[in-house]
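Student: Line by line, the protein sequences are chains A and B. The opening position of the first sequence corresponds to residue 18 in this note's numbering, with each subsequent residue numbered one higher. The opening position of the second sequence corresponds to residue 829 in this note's numbering, with each subsequent residue numbered one higher.
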Amino acid sequence: MKKLLGLALGVLTAIGGFLDIGDLVTNAVVGSRFGLTLGWVVIVGVVGICLFAQMSGRVAAVSGRATFEIIRERLGPRAGIANLAASFLINLMTLTAEVGGVALALQLASSIEPWLWMPVAAFAVWLVVWRVKFSIMENVTGLLGLTLIVFAVSLFLLKPDWMQLATQFLQPATVPADAAPQASSTYWYYAIALFGAAMTPYEVFFFSSGAVEEKWSIKDLGQSRLNVLIGFPLGGILSLAIAGCAAVVLLPRQIDVTALSQVVLPVAEAGGKLALAFVLVGIVAATFGAALETTLSSGYTLAQFFGWSWGKFRKPAQAARFHIAMIVCLLIGLGVLATGVDPVAVTEFSVVFSAIALPLTYLPILLVANDPQYMGRYVNGRVTNAFGMLYLVIILVASLAAIPLMIITGAGA
Amino acid sequence: MMRRTKQQRMPTRRRLIDASLSLLDRQVLDIDDVPVQVVTDIELSEVALDHPIPVGSPAPTVTALLSGPVLATRIFGGRPPTHRLHRIDWAHVAEIGIALSLSVRGSSLDVTWVERWLSGHVVGRIPGGHDDPE
């Protein structure tokens, strides 16, 4: 019984923790512009993150080594530090977007200016990182994030033309033949953005370091695999529901998503104030949870690369550099937000850059997951490796195509 | 000090190890499994430079694990002045696995001075710094 409860809790946390500001914004943007024609990317992304998270979790549980220790070991100092620089900067960008997202969601709830909420949000993130136990932190934000199910409920309440949605979903790439050549590159640019939103590198840093934080051993592997394989796809369905809501309400009226208020507009239309209240709680929980994860990830990447003592399971004074690094990163993120940049714009860039940087983390994990010195008999099986190679190709193509597409489309304008 | 030395012989285990593969860039843990540093370089016993090595002379041995500003010099070349290097004597190394384990406490080593300073002067002074997370 206790085991079953633990499993349920794990799955629910995985669903609630799946979505962050990147998924919320990108799915709404894509839904409002392309309907569900990019829905297939969400599925590709979800299978990818299941594979990737499961692999890095297994490596961490078996060898006790988290992602960036492995990157340092495998790539050596030169390639390793280039990797650290890229991963760290993108993580910092995501951190900025998430803290901004918390502020925007609180603004919607309170109509107090977001720049007043930003320091409050950043301070709250620090307080949790400083004082709250890892498991409590993960479970609370994950469970509150479940209120985002209201997107799926709203989609039903909107009584959409299901046939039309299904046609969009099943006939991808329906760019009209007479459309400008620009249209097709914009389609693919958003495909990469959506892929990056589903497979954000920080999720992997966090997942593997979390396995060390919670002292997973080999016998916890089954549970972690179930959490991922059930929780993430259900989270992916919520992503599709967000895109679906935007496709039903925003696409016909040609409303462009440029702010969080447009993301929640369909929910307000479908379910009124009550639904709006739920979605705001969900967005605050999801972005706050992701702000915690990215803040911790910034500490994890630096500490693991340089071999410092790290982890929330230690007293802060016993992981001093780790905690200082996180405080500095939060302050930098706050500084960037103070310049008045639009957090939604930061989010849109961060998901594309995530896709660009993905091979840097993916390849070392794939290599180590096949190394018997680390993994013993828990090396990748044939099926995992077949998927692993397939995704290596997908990830490389997405990464290489992202920058040219960004230039051609003027960042999806 | 050489940058990359292949196949040092470990006298204790009689196991052949590729130093650049199994020592460099590995995590070092202390006796309580607390991370100490990453092996940024290793120090070898003196080999006379620019002289032919006589046949039958003993092979150089690893004398210490190094850290300090060595990461930059490994990337860009050159070598930092010796007084700026932090050494962990090879005698303290207890085990070589996917991480290196030491037989001493990390807090007793010079290399962790930044951690100790920050812990004492900054992190330890913030309320809750010495408490377990709840």
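Built from N, CA and C at the ideal position, the CB exists for glycine as well.
Measuring only between beta-carbons, confirm whether ILE341 (chain A) sits less than 7 Å from chain B.
Tutor: In the first sequence, residue 341 (chain A) corresponds to position 324, counting from 1. Chain B, which has a Cβ nearer than 7 Å to the Cβ of ILE341 (chain A), makes this yes.
Student: Can you tell me which of A:ALA258, A:VAL58 and A:SER416 puts its alpha carbon nearest to the alpha carbon of LEU41 (chain A)?
Tutor: The count along the first sequence starts at 1 and reaches residue 41 (chain A) at position 24. Nearest C-alpha to LEU41 (chain A): A:ALA258.
Student: Check the Cβ-Cβ distances between GLU90 (chain A) and every residue of chain D, and say whether any is below 7 Å.
Tutor: Looking at the structure shown, chain D is missing, and the protein chains on hand are A and B.
Student: May I have the straight-line CA-CA distance separating PRO882 (chain B) from LEU872 (chain B), to the nearest angstrom?
Tutor: The count along the second sequence starts at 1 and reaches residue 882 (chain B) at position 54. The count along the second sequence starts at 1 and reaches residue 872 (chain B) at position 44. Going from the Cα of PRO882 (chain B) to the Cα of LEU872 (chain B) covers about 18 Å.
Student: Fully enclosed by the segment 343 to 421 of chain A, which alpha helix (DSSP H) runs are 4 residues long or longer?
Tutor: 360 to 385 and 389 to 392, all fully within the segment 343 to 421 of chain A.
Student: Select from A:ILE153, A:VAL46, A:LEU22 and A:GLY39 the residue whose C-alpha is nearest the C-alpha of VAL266 (chain A).
Tutor: If you number the first sequence from 1, residue 266 (chain A) lands on position 249. Answer by Cα proximity: A:VAL46.
Student: Out of A:PRO218, A:LEU68, A:VAL245 and A:ALA292, point me to the one whose CA is closest to ALA307 (chain A)'s CA.
Tutor: In the first sequence, counting from the first residue as 1, residue 307 (chain A) sits at position 290. For ALA307 (chain A), the nearest C-alpha among the options comes from A:PRO218.
Student: Mind listing which residues of the segment 389 to 400 of chain A have their C-beta closer than 9 Å to chain B's C-betas, in chain order?
Tutor: Within the segment 389 to 400 of chain A, the residues whose Cβ lies closer than 9 Å to some Cβ of chain B are GLN390 and TYR391, listed in chain order.
Student: Listing by chain order, which chain B residues have their CB less than 7 Å from the CB of SER326 (chain A)?
Tutor: For the purposes of this step, residue 326 (chain A) is taken as residue 309 along the first sequence, with counting starting at 1. Result: VAL862, PRO863 and GLU943.
Student: GLU86 (chain A) lies in the alpha helix (DSSP H); which residues open and close that run?
Tutor: As a first step, residue 86 (chain A) must be located in the first sequence, where it is residue number 69. Counting along the chain, the alpha helix (DSSP H) containing GLU86 (chain A) begins and ends at 84 to 127.
Student: Taking only three categories from DSSP, how would you classify MET423 (chain A)?
Tutor: Residue mapping note: residue 423 (chain A) aligns to position 406 of the first sequence, counting from 1. Of the three classes helix, strand and coil, the one that applies to MET423 (chain A) here is helix, per DSSP.
Student: With C-beta atoms as the reference, is VAL864 (chain B) less than 7 Å away from ASP858 (chain B)?
Tutor: On the second sequence, residue 864 (chain B) is found 36 positions in, with the first residue counted as 1. On the second sequence, residue 858 (chain B) is found 30 positions in, with the first residue counted as 1. Their beta carbons are under 7 Å apart, which means VAL864 (chain B) touches ASP858 (chain B) by this criterion.
Student: Tell me which residues share the same chain as ALA264 (chain A) and place their Cβ nearer than 6 Å to its Cβ, disregarding the 5 neighbours each side in the sequence.
Tutor: Locating residue 264 (chain A) in the first sequence gives position 247, counting from the first residue. GLY48, GLY52 and LEU53.
Student: Closer than 8 Å by beta-carbon distance: list the chain A residues that pair up with SER947 (chain B), in chain order.
Tutor: Taking the second sequence and counting its residues from 1, one reaches residue 947 (chain B) at position 119. Here the neighbours are ALA334, GLN335 and ALA337.
Student: Of all the residues that make up the segment 173 to 184 of chain A, which are near chain B by a beta-carbon distance shorter than 7 Å?
Tutor: Flagged: no residues at all.
Student: Is the CB of LEU384 (chain A) under 7 Å away from at least one CB in chain B?
Tutor: As a working mapping, residue 384 (chain A) is identified with position 367 in the first sequence. No, no contact with chain B.
Student: Any chance you could list the beta strand (DSSP E) runs of at least 3 consecutive residues sitting entirely within the segment 26 to 72 of chain A, in chain order?
Tutor: Taking only runs of at least 3 residues, no beta strand (DSSP E) segment lies wholly in the segment 26 to 72 of chain A.
Student: 7 Å is my cut-off, CB to CB: does ILE926 (chain B) come that close to chain A?
Tutor: Walking along the second sequence from the start, residue 926 (chain B) turns up at place 98. True, the Cβ-Cβ gap to chain A drops below 7 Å.
Student: Who are the near neighbours of THR891 (chain B) in its chain, counting only those whose CB is closer than 7 Å to its CB and skipping five residues on each side?
Tutor: In the second sequence, counting from the first residue as 1, residue 891 (chain B) sits at position 63. Taken in chain order, the residues that qualify are GLU871, LEU872, SER873 and TRP918.
Student: Does the segment 223 to 235 of chain A come close enough to the segment 75 to 95 of chain A that 3 or more CB-CB pairs lie under 8 Å?
Tutor: At 8 Å Cβ cutoff, the stretches touch.
Student: Tell me whether GLN271 (chain A) sits in a helix, a strand or coil according to DSSP, three-state version.
Tutor: Against the first sequence, residue 271 (chain A) aligns to sequence position 254. Three-state DSSP puts GLN271 (chain A) in coil, outside helix and strand.
Student: For the segment 909 to 920 of chain B, list every residue whose C-beta sits within 9 Å of some C-beta in chain A, in sequence order.
Tutor: Against chain A - using a Cβ distance shorter than 9 Å - the segment 909 to 920 of chain B contributes no residues.
Student: Who are the neighbours of ARG148 (chain A) on chain B, taking C-beta pairs under 8 Å?
Tutor: If you number the first sequence from 1, residue 148 (chain A) lands on position 131. Chain B residues near ARG148 (chain A): GLY956, ASP959, PRO961 and GLU962.
Student: Cβ closer than 9 Å: which chain A residues qualify as neighbours of VAL890 (chain B)?
Tutor: In the second sequence, residue 890 (chain B) corresponds to position 62, counting from 1. The contacting residues do not exist; VAL890 (chain B) stays about 18 Å from chain A at best.
Student: So the beta strand (DSSP E) THR158 (chain A) belongs to, where does it begin and stop?
Tutor: One-based indexing of the first sequence puts residue 158 (chain A) at position 141. Looking at the DSSP string, THR158 (chain A) is not in any beta strand (DSSP E); the run it does join, the alpha helix (DSSP H), is 151 to 162.
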